[in-house]
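Each residue of the sequence shown is one higher than the one before, counting from 1 in full-length UniProt numbering.
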Amino acid sequence: MAAELPYKPRPGEIPTDPGVYRFRDAQGRVLYVGKAKNLRQRLSNYFAPLRTLHERTRRMVTTAASVEWTVVPTDVDSLQLEYMWIKEFDPPFNVRYKDDKSYPFMAITLADEAPRVIVTRNRRIPGAKYFGPYPKVWTVHDTIDQMIKVFPIRTCSDASYRKAMATGRPCFPGQIGKCGGPCSMTVTIAEHRAMVDDFIAFMEGGDERFTRDLTRRMHEASAAMDYESAAKYRDRLASIDAVLGRSALVLPQDEDADLFGVAEDELSAAIQHFVIRGGRVRGVRASTLDKEIDISGADLVDQILQRAYGEASGDQIPRRVLVPSLPDDAAELEEWLRERRGRKVEITVAQRGQRAELMRTATLNAQQALIRHKTRRSSDYTTRTQALTDLQEALGLDEAPLRIECYDISHLGGTNVVASMVVFEDGLPRKDQYRSFNIAETTDDTDSMYQVLRRRLAHIDAPEEPEEAPQGGVLRQAQEAGEELVVTERRRPRFAYPPQLLIVDGGKPQVEAAARALRDAGRSDIALCGIAKRLEELWLPGDEYPVILPRTSEALYLVQRLRDEAHRFAITHQRKRRKRDIASILGEIPGLGAARIKSLLRHFGSVAALRRASAAEIQEVQGIGPALAEAIRVHLASEAVPAKELAMAGAGSDSDASATPPSD
1 MAAELPYKPR
11 PGEIPTDPGV
21 YRFRDAQGRV
31 LYVGKAKNLR
41 QRLSNYFAPL
51 RTLHERTRRM
61 VTTAASVEWT
71 VVPTDVDSLQ
81 LEYMWIKEFD
91 PPFNVRYKDD
101 KSYPFMAITL
111 ADEAPRVIVT
121 RNRRIPGAKY
131 FGPYPKVWTV
141 HDTIDQMIKV
151 FPIRTCSDAS
161 YRKAMATGRP
171 CFPGQIGKCG
181 GPCSMTVTIA
191 EHRAMVDDFI
201 AFMEGGDERF
211 TRDLTRRMHE
221 ASAAMDYESA
231 AKYRDRLASI
241 DAVLGRSALV
251 LPQDEDADLF
261 GVAEDELSAA
271 IQHFVIRGGR
281 VRGVRASTLD
291 KEIDISGADL
301 VDQILQRAYG
311 EASGDQIPRR
321 VLVPSLPDDA
331 AELEEWLRER
341 RGRKVEITVA
351 QRGQRAELMR
361 TATLNAQQAL
371 IRHKTRRSSD
381 YTTRTQALTD
391 LQEALGLDEA
401 PLRIECYDIS
411 HLGGTNVVAS
421 MVVFEDGLPR
431 KDQYRSFNIA
441 ETTDDTDSMY
451 QVLRRRLAHI
461 DAPEEPEEAP
471 QGGVLRQAQE
481 AGEELVVTER
491 RRPRFAYPPQ
501 LLIVDGGKPQ
511 VEAAARALRD
521 AGRSDIALCG
531 IAKRLEELWL
541 PGDEYPVILP
551 RTSEALYLVQ
561 RLRDEAHRFA
571 ITHQRKRRKR
581 DIASILGEIP
591 GLGAARIKSL
601 LRHFGSVAAL
611 RRASAAEIQE
621 VQGIGPALAE
631 AIRVHLASEA
641 VPAKELAMAG
651 AGSDSDASAT
661 PPSD
């Protein structure tokens with residue numbers, strides 16, 4: 001590998017002004033677009049020694065054949081130019097967005113003579129005012145049905161409207177009370193426009209004024225004994241309550257904000273965009289993106305905001321934008337948004353109170369969306385086949401690895417060491433064949449990995465075990481000398497099937513330990529690799545450099561899922577083992593049964609807190625008397641339990657495993 005890129009600019013050639021730079025390949029295609037407050041300082045990072053670069057950044061700069069830059073007067077100009085070029089060139093190494101779906105919106109066609117409310121996925125209707133997005137189409141229709149009871153605006157088609165206005169006969173939706181436009185012959189165009197304005201004002205967050213006004217009118221009508229009108233106002237209030245009930249008040253009523261929850265890993269990210277108007281969540285949009293080169297969380301937020309508001313009109317930009325972390329150019333982004341909105345825009349981090357709680361909700365939704373995004377790519381048959389084929393080619397295997405086993409080591413501060421083995425066959429998990437291992441004595445993770453694989457490899461090619469008929473064997477009857485002959489089937493233990501590929505969680509040291517276990521077991525027919533989390537690269541035994549799979553590779557998603565599942569299963573086993581250990585410690589105390597142990601842990605939260613408690617404090621738990629409380633205190637004081645283990649005990653297991661196979 002060359003130590004220096006051939007197209008590296010000469011010293012002093014790059015200016016120190018703000019600007020935008022582009023990397024191009026030999027054919028002139030733009031590979032990456034970026035902006036910088038100081039072009040020389042930023043570009044020098046790309047031309048550092050190649051061995052010091054992030055693996056994916058190194059792949060970008062070695063693929064490129066040239067770099068060019070454009071100086072701009074201000075940082076805001078560089079932000080605008082970067083966005084324009086990313087939209088124009090769609091560079092493969094910039095983050096690539098994919099909306100989860102085409103979301104439905106509620107739109108009011110303000111450019112029409114008599115605006116109507118419709119459900120649409122088209123965001124380019126001239127002059128339209130949009131609300132949403134909504135997660136489901138039926139929720140938009142339901143909201144409109146409730147809203148037109150309060151603000152009866154036009155819902156009929158343009159053809160129906162023109163026919164009604166030409167003939168003087170109400171449109172059909174107007175005849176059945178589903179359209180309140182001028183075509184219904186009940187209001188004028190000016191009166192209808194006023195109702196449209198009220199409709200929009202309500203949807204933008206002015207619900208308190210309308211609720212107060214309708215309540216006043218209802219009481220006045222009731223006092224005047226006009227009960228028919230009072231009932232109409234009551235029904236309108238009920239419709240308003242039905243609409244507001246779908247969008248809970250999460251922030252103060254004057255709060256207009258957009259909140260972005262982000263969950264990411266090395267290759268992908270999921271974004272949850274909450275649209276908050278009048279303190280209520282009026283719309284939610286989910287999207288995912290693929291990352292090619294190394295990008296920080298702050299830079300990712302920068303890219304998300306550019307995409308969210310790059311084509312937004314001024315009324316679509318709120319006065320406050322809540323993000324998980326501030327981008328480095330937050331001030332420039334605020335200025336950019338202010339120019340588009342025409343008023344001040346604040347970008348801030350949700351740190352406390354209701355905003356922080358809503359950010360946690362959005363982040364949790366983003367985490368679940370990221371899991372679904374990665375799982376979805378591994379679920380269908382075509383994708384799984386492609387993943388196995390790609391993995392075969394990347395690792396140089398003779399055949400696709402139909403059975404893959406992945407191993408992970410988990411410990412608690414060097415104690416309570418356990419390991420997990422998960423099995424995927426044909427790209428799908430086989431949870432009935434998962435195994436867990438307890439490791440009594442070990443020096444480090446590599447020794448633990450060696451021990452686990454030696455124990456697992458010892459079971460390969462185990463002798464077949466007889467299986468009695470008829471519980472699962474094959475029952476055959478034959479007549480030999482007048483006697484019934486029963487033939488039983490011989491079953492090979494599931495643990496004895498050899499994998500085509502072993503994957504270990506870790507880099508070069510863990511792979512070498514696993515290779516030593518394979519050599520000592522005399523297995524040369526099983527392929528091996530390790531996945532290192534930092535760069536998501538694959539290490540092969542004896543290789544100096546790792547295998548880098550493309551970020552869009554289905555093989556990489558499959559390997560990541562194997563690694564994540566092995567990690568989850570190891571943590572699950574460790575937590576269950578820890579809970580058993582704690583229960584056994586308390587179970588040694590005479591008079592302390594399972595119900596009282598559960599009550600103690602629920603009351604104190606952990607054994608560590610219970611151990612610090614006095615006998616009087618223990619006695620406060622229902623069912624614990626003075627003598628038993630003192631016995632508990634004395635017993636725990638005499639037990640030498642690792643402090644970290646005690647601190648984490650009693651927190652409960654958050655396992656999502658559907659099955660927990662027996663330990664080895």
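Every residue, glycine too, gets a C-beta built ideally from N, C-alpha and C.
When the beta-carbon positions are compared, Val76 and Arg22 stay at least 9 Å from each other. By the CB criterion at 9 Å, Leu267 and Leu610 fall outside the cutoff. Taking the C-beta atoms as reference points, Met359 is found no nearer than 9 Å to Arg282. The beta carbons of Trp69 and Gly19 sit closer together than 9 Å. Here the C-alpha atom of Thr389 lies approximately 32 Å from the C-alpha atom of Val418. A contact between stretches requires three or more CB pairs, one per stretch, nearer than 8 Å, and the stretch 228 to 238 fails this requirement with the stretch 318 to 328. In its chain, beyond the 5 residues on either side, Ala631, Ile632, His635 have a beta carbon closer than 7 Å to the beta carbon of Ile589. Counting C-beta pairs with one atom in each stretch, the stretch 441 to 461 and the stretch 593 to 601 have fewer than three that are closer than 8 Å, which means they do not touch. When the beta-carbon positions are compared, Arg340 and Ser296 stay at least 9 Å from each other. In terms of Cα proximity to Asp142, the closest of Ala128, Phe105, Val95 is Phe105. Shortest Cα-Cα distance from Met195 to any of Ala223, Lys431, Met147, Thr361 involves Met147.
Taking the Cα of Glu191 as reference, the smallest distance to any Cα among Ala166, Ala164, Phe151 is reached at Phe151. By the Cβ rule, the stretch 524 to 544 does not count as touching the stretch 363 to 378, because fewer than three pairs are nearer than 8 Å. Measuring C-alpha to C-alpha distances from Val119 to each of Ser410, Arg403, Cys156 identifies Cys156 as the nearest. When C-alpha distances from Ala594 are compared across Asp25, Ala566, Ile624, Ala615, the shortest belongs to Ile624. Every alpha helix (DSSP H) stretch that sits fully inside the stretch 544 to 602 and reaches 4 residues is listed by chain position as 554 to 587.
In the structure shown, Gln392 falls within a helical segment according to DSSP collapsed to helix, strand and coil. Annotation for Arg307: the continuous alpha helix (DSSP H) segment containing it runs 297 to 309. For Tyr434, no alpha helix (DSSP H) run applies, since DSSP gives it neither H nor E.
Exposed is the label assigned to Trp138, since fewer than 16 other Cβ atoms lie within 10 Å of its Cβ. The beta carbons of Ala517 and Leu562 sit about 19 Å from each other, so the pair does not count as a contact at 8 Å. For the 9 Å CB-CB criterion, Ile531 and Ile503 form a contact. Beta-bridge analysis with DSSP links Tyr32 to Phe23. Judged by DSSP secondary structure, Thr167 falls within the alpha helix (DSSP H) whose first and last residues are 158 to 167. Its chain contains Val30, Leu31, Tyr32, Val33 as the residues whose beta carbon lies nearer than 6 Å to that of Pro91, once the 5 sequence neighbours on both sides are disregarded; these appear in chain order. Asn416 and Asp564 have their C-alpha atoms some 20 Å from each other. Looking at Asp265, Gly278, Leu259, the one whose alpha-carbon comes closest to that of Gln272 is Leu259. According to the DSSP secondary-structure assignment, Met421 is paired through a beta bridge with Tyr407, Arg435. For Met225, the secondary structure class from DSSP, reduced to helix, strand or coil, is coil. Taking a contact to require three or more Cβ pairs closer than 8 Å, the stretch 156 to 168 and the stretch 176 to 185 qualify as touching.
Leu501 sits in a strand when the DSSP states are folded into three classes.
In this structure, DSSP gives Ala111 a state outside helix and strand, which the three-state scheme calls coil. With fewer than 16 other Cβ atoms from the protein chains shown falling within 10 Å of its own Cβ, Asn45 counts as exposed. The C-alpha of Leu333 is placed about 25 Å away from the C-alpha of Ile14.
If you compare the alpha carbons of Ile571, Pro401, Lys508 with that of Asp543, the shortest gap goes to Lys508. Following the DSSP letters along the chain, one finds Thr446 inside the alpha helix (DSSP H) bounded by residues 445 to 457.
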